[in-house]
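In our numbering, the protein residues as written are 1268 to 1426. Contents: one structure, followed by commentary.
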């Protein structure tokens, strides 16, 4: 079994092995995972590391592993009004909901209670299966994307 110990820059190589993980799995610094080629690997990353779609990992054995965000149940809300987008982000942010934000939609992990809130605000959430790659919080020490120091990004630990 490969022992994955480093999170490094994201220079893609055509022969990189991939591992497809949900957002919840990408928040674990210690885990046994199955690579997309069927081999097993173990994550031994610094505590607090959160992996992003496209990140590159290195195993002790020298293998390169590319992280892919798995499709998972998400709610997507299409919004073409910037004020409505800001308003919805405000309400969901007050509930500490992780959001993936684009210019014309927001996405969050599916939750029927949140879907009801979105409907009460006059918008229509659509349940779909898509990769989820939310924004980092304002108090995180790293910028969006890979860390040049190889330490990855940190989110507060889940209770």
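Idealized CB from N, CA, C, for every residue including glycine. Computed from a prediction, not measured in an experiment: that's the story for all the values here.
### Query
When you compare only the Cα positions, how much space is there between residue 1299 and residue 1291?
Walking along the chain shown from the start, residue 1299 turns up at place 32. Walking along the chain shown from the start, residue 1291 turns up at place 24. In a straight line, the C-alpha of residue 1299 is about 14 Å away from that of residue 1291.
### Task
On a CA-only basis, which of 1280, 1274, 1281 and 1369 is nearest residue 1295? Give me that one, please.
Walking along the chain shown from the start, residue 1295 turns up at place 28. When each option's Cα is compared against that of residue 1295, the closest is 1274.
### Beta-bridge pairing of residue 1274 - partner residues as DSSP gives them
In the chain shown, residue 1274 corresponds to position 7, counting from 1. Answer is 1324, bridged to residue 1274.
### Task
State the Cα-Cα distance for the pair residue 1348 and residue 1342, rounded to the nearest angstrom.
Taking the first residue of the chain shown as position 1, residue 1348 is located at position 81. Taking the first residue of the chain shown as position 1, residue 1342 is located at position 75. About 18 Å.
### the stretch 1349-1356 / the stretch 1379-1395 touching (three or more Cβ pairs under 8 Å)
yes
### Query
Span of the beta strand (DSSP E) holding residue 1313?
The sequence position of residue 1313 within the chain shown is 46, counting from 1. Here residue 1313 belongs to no beta strand (DSSP E), and DSSP marks it neither H nor E.
### Task
Express the C-alpha separation of residue 1326 and residue 1282 in angstroms, rounding to a whole number.
Numbered from its first residue, the chain shown carries residue 1282 at position 15. Numbered from its first residue, the chain shown carries residue 1326 at position 59. Going by the C-alpha atoms only, they are around 15 Å apart.
### Query
For residue 1391, which residues from the same chain have a beta carbon less than 8 Å from its beta carbon, with the 5 sequence-adjacent residues on both sides left out?
Residue numbering aside, residue 1391 sits at position 124 when the chain shown is read from its first letter. The answer, listed in chain order, is 1344, 1345 and 1385.
### Query
Helix, strand or coil: which one does DSSP assign to residue 1329?
Along the chain shown, one-based indexing puts residue 1329 at 62. Residue 1329 falls in the coil class under three-state DSSP.
### DSSP-derived helix/strand/coil call for residue 1293
The count along the chain shown starts at 1 and reaches residue 1293 at position 26. Residue 1293: helix per DSSP, three-state reduction.
### Message
Only counting the same chain, and skipping five residues up and downstream in sequence, which positions put a Cβ closer than 7 Å to that of residue 1337?
### Response
To locate residue 1337, count along the chain shown from 1; it is residue 70. So the qualifying residues of the chain are 1287, 1288, 1289 and 1398.
### Task
In the DSSP assignment, find the unbroken beta strand (DSSP E) run with residue 1284 in it and report its ends.
The residue labelled residue 1284 in the question sits at position 17 within the chain shown. Segment 1284-1288, the beta strand (DSSP E) holding residue 1284.
### Task
Please go through the same chain and pick out, in chain order, the residues whose beta-carbon is closer than 6 Å to the beta-carbon of residue 1272, but skip the five residues on each side of it.
Here residue 1272 refers to the residue found at position 5 when the chain shown is read from its first residue. 1311 and 1327.
### Message
Which complete beta strand (DSSP E) runs does the stretch 1333-1388 hold, if anything under 3 residues is left out?
### Response
1338-1345 and 1372-1376
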